[in-house]
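Reading through the structure tokens given below for one structure.
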Amino acid sequence: MSENPNAPEKYNAAEVEPRWQSVWKARDVYRAHDDSDKPKFYALEMFPYPSGRIHMGHVRNYAMGDVVARYKKAQGFEVLHPMGWDSFGMPAENAAIATGGHPKDWTYNNIDEMRTPMQRLGFALDWSREFATSDVAYYKEQQRIFLKFWEKGLVYRKTAKVNWDPVDNTVLANEQVIDGKGWRSGAVVEQRDMDQWFYKITNYAEDLLKGLDGLDRWPEKVRTMQANWIGKSEGASIWFGFAENTETSSPKKELFDEALATDQDGGIEVFTTRPDTLFGASFLALSPDHPYSKWLANNLPEAEAFRAECAKIGTSEADIATAPKLGFDTGLRVKHPFVEGATLPVWIANFVLMGYGTGAVFGCPAHDQRDLDFARKYDLPVKAVVLPDGEDAATYDVGTEAYTGEGKLFNSGFLDGLNKSKGIKAAIHKITEMDFGESVTNYRLRDWGVSRQRYWGCPIPVIKCGDCGSVPVPEDQLPVELPYDISFEKPGNPLDHHPTWKSEGVTCPTCGKAAERETDTLDTFGDSSWYFAAFGGSLSADGMDWDAASKWLPVDQYVGGVEHAVLHLLYARFFTRGLIDCGLLDLSHSQFGGEPFAGLFTQGMVTHATYALADESIEKDSWVLPEDVDANDDGTFVHLPTGRPVIKGDIIKMSKSKKNVVDPNEIIQGYGADVARWFVLSDSPPERDVEWTESGVIGAWRFSKKVWNVVSDTTSAEGPLAVASDASGDALELRKLAHRALEKLTAGIEAFRFNTSVAQIYELTNALSKYKGQDAARMEALGILIRAIAPFMPHLAEECWSKVGGEDLVYHAPWPVVDPKMLVDDTITLPLQVNGKRRSELNIPKDMPKDEIEKLALADEAVQRSIGDATVRKIIVVPGRIVNIVAK
RNA sequence: GCGGCCGUGGUGGAAUUGGUAGACACGCAAGACUUAAAAUCUUGUUCCAGUAAUGGAGUGCGGGUUCGAUUCCCGCCGGCCGCACCA
Numbered sequence: 001m002s003e004n005p006n007a008p009e010k011y012n013a014a015e016v017e018p019r020w021q022s023v024w025k026a027r028d029v030y031r032a033h034d035d036s037d038k039p040k041f042y043a044l045e046m047f048p049y050p051s052g053r054i055h056m057g058h059v060r061n062y063a064m065g066d067v068v069a070r071y072k073k074a075q076g077f078e079v080l081h082p083m084g085w086d087s088f089g090m091p092a093e094n095a096a097i098a099t100g101g102h103p104k105d106w107t108y109n110n111i112d113e114m115r116t117p118m119q120r121l122g123f124a125l126d127w128s129r130e131f132a133t134s135d136v137a138y139y140k141e142q143q144r145i146f147l148k149f150w151e152k153g154l155v156y157r158k159t160a161k162v163n164w165d166p167v168d169n170t171v172l173a174n175e176q177v178i179d180g181k182g183w184r185s186g187a188v189v190e191q192r193d194m195d196q197w198f199y200k201i202t203n204y205a206e207d208l209l210k211g212l213d214g215l216d217r218w219p220e221k222v223r224t225m226q227a228n229w230i231g232k233s234e235g236a237s238i239w240f241g242f243a244e245n246t247e248t249s250s251p252k253k254e255l256f257d258e259a260l261a262t263d264q265d266g267g268i269e270v271f272t273t274r275p276d277t278l279f280g281a282s283f284l285a286l287s288p289d290h291p292y293s294k295w296l297a298n299n300l301p302e303a304e305a306f307r308a309e310c311a312k313i314g315t316s317e318a319d320i321a322t323a324p325k326l327g328f329d330t331g332l333r334v335k336h337p338f339v340e341g342a343t344l345p346v347w348i349a350n351f352v353l354m355g356y357g358t359g360a361v362f363g364c365p366a367h368d369q370r371d372l373d374f375a376r377k378y379d380l381p382v383k384a385v386v387l388p389d390g391e392d393a394a395t396y397d398v399g400t401e402a403y404t405g406e407g408k409l410f411n412s413g414f415l416d417g418l419n420k421s422k423g424i425k426a427a428i429h430k431i432t433e434m435d436f437g438e439s440v441t442n443y444r445l446r447d448w449g450v451s452r453q454r455y456w457g458c459p460i461p462v463i464k465c466g467d468c469g470s471v472p473v474p475e476d477q478l479p480v481e482l483p484y485d486i487s488f489e490k491p492g493n494p495l496d497h498h499p500t501w502k503s504e505g506v507t508c509p510t511c512g513k514a515a516e517r518e519t520d521t522l523d524t525f526g527d528s529s530w531y532f533a534a535f536g537g538s539l540s541a542d543g544m545d546w547d548a549a550s551k552w553l554p555v556d557q558y559v560g561g562v563e564h565a566v567l568h569l570l571y572a573r574f575f576t577r578g579l580i581d582c583g584l585l586d587l588s589h590s591q592f593g594g595e596p597f598a599g600l601f602t603q604g605m606v607t608h609a610t611y612a613l614a615d616e617s618i619e620k621d622s623w624v625l626p627e628d629v630d631a632n633d634d635g636t637f638v639h640l641p642t643g644r645p646v647i648k649g650d651i652i653k654m655s656k657s658k659k660n661v662v663d664p665n666e667i668i669q670g671y672g673a674d675v676a677r678w679f680v681l682s683d684s685p686p687e688r689d690v691e692w693t694e695s696g697v698i699g700a701w702r703f704s705k706k707v708w709n710v711v712s713d714t715t716s717a718e719g720p721l722a723v724a725s726d727a728s729g730d731a732l733e734l735r736k737l738a739h740r741a742l743e744k745l746t747a748g749i750e751a752f753r754f755n756t757s758v759a760q761i762y763e764l765t766n767a768l769s770k771y772k773g774q775d776a777a778r779m780e781a782l783g784i785l786i787r788a789i790a791p792f793m794p795h796l797a798e799e800c801w802s803k804v805g806g807e808d809l810v811y812h813a814p815w816p817v818v819d820p821k822m823l824v825d826d827t828i829t830l831p832l833q834v835n836g837k838r839r840s841e842l843n844i845p846k847d848m849p850k851d852e853i854e855k856l857a858l859a860d861e862a863v864q865r866s867i868g869d870a871t872v873r874k875i876i877v878v879p880g881r882i883v884n885i886v887a888k
């Protein structure tokens, strides 16, 4: 077996890729320069948690950002494309507890292990700006930010009911509780009263909501989710004063007569968005957790029993939403603010939430479905006060469907005849005038509780003094460093158990007396709320440059998973506003105001088929590795190591437990980084999931070889920047195809539709591999091709570029420019339709007049056949598009 | 329950403002090269009828607007995601 000396040189990714990576590194080409004259472009992907292994989801995420970064570089921008590690958090502690190691060692070993494959993928990253959020320098700056926020009134401490995760032994923010369970542990969350630090995100509720309007390069879906989360509602608070209990005699009456005697001015405040329907009110409803409900329960066994019954209903949201309406008549009555002498009964109702508004509502059954359900069940009056258009006031009846739409108010005293919005205004005006209430805007958004009873996080820089209370650690004493010598033997927070850290040598900065450190650490979502600024400011042990950070922000293109739509992205938007208000950041130059991310793209996951032994149920954990599965001829599957039958399960996100994980390292070794990158970007639209298949990888690998073969078959002495301006015949056709492909693939990158760019690259490659000429047209098309694949397969592109005599690096080559002359044809193919069905086509000069086109169309043989005996009624000629002949 | 997105060949998916449905790729089939295989190349591939020319149907289902609908409107069915009694 001898090598054919004429055989084309083989492309060897294992040799080529590291070689170019070392060239890039030696020339430091990916460094972003703060002082560049070029316009800036900040490309960022959500930085990874250092679990120790990279997975295909990372490859896809970073490959997308890399396409944008490299493309923008070619477009002449100064590109910042950094990488770091979101390295604080519970997995490190859990690993330490499980294996006896130290969270810090575990974390930094993982980072080292992940950095190597990440670099092997050849992303255009400025590694000089790398940091981990667990670096002392990083959390020192974060402590500074905490103190600045405190000065600005954005940090406070209070005892509050908190979400306690009994598995992770820590507090969770509202955003981190999903379906009543901890977002990470999945444990059912309990409510506890605890002393907590809070970030005052509610200060920015309105601004965070308004800011969404300007984010036109964010997915609509994410903006909607955030708006819903902030949950603004405008309405009024209304005071209902107590009235005398009208029951003749009952334990309830006695109770309230007693209470009224001591509290003459008592009453209940409700929140409503529909004060216009006040005349339709027929009851007041209190949350079971309302102070009056509790007071009543303490004094009346029936009420206590009712509260217990409400508490029995499950905690899952689905249970709560479908639970039947339950009520308890308290016997108490309140005065209607507008109707002299009228009173309303007060009920406790299970559907009223204590956590929103005032924990009490007035019920207007005709115009609120919940109130209607409740009223029907307990036989309370239903009085319509909004008349839908076209209904007759005398006969109108709401039945079982509450009417919440527009209409004219009636049965409503001074509000009669007004529409909904005018009615609301008039009602609020009157309430205010009577001093029964005022207009109020409510938000669902709560302040962000950030205390975590954990070790591996940013220490809260606070000293607790018996006399002075909570005192900030002076800035010159930062950082408050985490001790290394900790023990996880006792449950709970190791910082709290530490023999010396908490109190030894700790004195109050204000009074100098012995004091204690705060032992809670900050929620790690805080770490990821400003890291994008730290990259811009080149954070290092010497601190960071906030002015430089301000210049790089906002991030022009952010790429990450949609699972962060509310949590991370909302926190980061809040932090950026806080940093601006503290004077650390200045984004006055930005057209996006205080927004950190001008453009956001949420990419889909990488999925893979799952297989399970057929003689076990899928639930029983009988998953097998896809690589051990082979297909039989009859379409069934077999497990190769055991010969047992296998069934194919769902195609789902790669996960260790389902054994459908593909290790990027193996793909890189087998096929190269370019192939892995190309695969995750081809075929599926970026926002959708992409299914990993063996055949798909092989296809990507074949394609990379095909590109190389085209380059190997090239002997022309022209360089890749050739312009074949006098091309004709096949050469002209190739030029046209190349420029059309270029136009479309550029548009694809701009629109984040890389799969369509990929299709254009395929087409151009196919045309080139068939093209025989060794002329300027070939080189022009090839030059376009190489530069077009560079953002996707940078190593292959460099190798090709250098092989065909390209100067410098393809990374430094400008993006090819479309020649508009190549996009227009002298002759065009015009489809001919008869009654909307395509029957034939015409090849005609592009500027042929309409009447001539009509003549030719009617003369067409196939058209004639289709028209047959029918009479031509009309001919529609859309120039350059279509001809449609209407015949009947 | 409410809101949003989506539904196109065997598969992933294309398709400017409504204008040739199925680009491109995977898979499959046939062929070339080869002793053979792999690799590569060529051709074909929406479905039905037909050797073919050609004809008919066709973008989840049913209607509508239009000369013309994958695209716009109405009503269903199915899937995914978000919210979940927020007054």
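Just so we're aligned: 426 in the UniProt record's numbering is position 426 of the first sequence, and the numbers increase by one with no gaps anywhere. Quick reminder that beta carbons are idealized off the backbone N, C-alpha and C, glycines included.
Strand pairing of residue i, partner residues [DSSP]
i, result
"P459", "T521"
"S451", "L522"
"V877", "V883"
"Q760", "For Q760, which the question treats as bridged, DSSP gives no partner whatsoever."
"W183", "The partner list for W183 (beta bridge, DSSP) is empty, contrary to what the question assumes."
"F198", "Y156 and G449"
Residue i - containing alpha helix (DSSP H), residue span
i, result
"K706", "E694 to S712"
"D851", "K850 to A859"
"R677", "A673 to L681"
"E406", "Element bounds for E406: n/a, residue is neither H nor E."
Beta strand (DSSP E) segment containing residue i, residue limits
i, result
"V440", "G437 to Y443"
"F601", "L600 to Q603"
"D795", "Sequence inspection shows His at residue 795; the Asp mentioned does not correspond to that position. From DSSP, H795 is part of no beta strand (DSSP E) but of the alpha helix (DSSP H) over P794 to K803."
"V155", "V155 to D165"
"L842", "K837 to P845"
Neighbour-count burial assignment, residue i, 16 or more Cβ in a 10 Å radius
i, result
"A318", "Low confidence applies here, because A318 scores a pLDDT of 47, under 50, leaving its location unreliable and the question unanswered by this model."
"F752", "buried"
"G449", "buried"
"A7", "Any answer about A7 is weak, because its pLDDT of 45 lies below 50 and its placement is not dependable; what the coordinates show is given next. A7 comes out exposed."
"K158", "exposed"
"G89", "buried"
"L625", "exposed"
"W20", "buried"
"S704", "buried"
"S316", "Unreliable placement is indicated for S316, whose pLDDT of 45 sits below 50; no coordinate value is reported for it."
"A13", "buried"
"F123", "buried"
"V339", "exposed"
"P849", "exposed"
"E798", "buried"
Best match in the options for proximity to residue i [C-alpha to C-alpha]
i, options, result
"E516", "G505, F532, G526 and N411", "G505"
"K152", "L584, D808 and Y811", "L584"
"P820", "R740, V638 and Q833", "R740"
"A813", "M225, I784, D826 and M848", "I784"
"V480", "G100, D825 and Y139", "Y139"
"L823", "G413, E78 and L732", "L732"
"C582", "F146, W229 and D496", "F146"
"D808", "R787, N419, M779 and Q603", "R787"
Threshold first: 3 residues or longer. Then list the beta strand (DSSP E) segments lying entirely within the stretch 100-151, N to C.
As far as the stretch 100-151 is concerned, it has no whole beta strand (DSSP E) run of at least 3 residues.
To test your reading of the DSSP string, which unbroken alpha helix (DSSP H) runs of 4 or more residues are found completely within the stretch 262-318?
291-299 and 301-312
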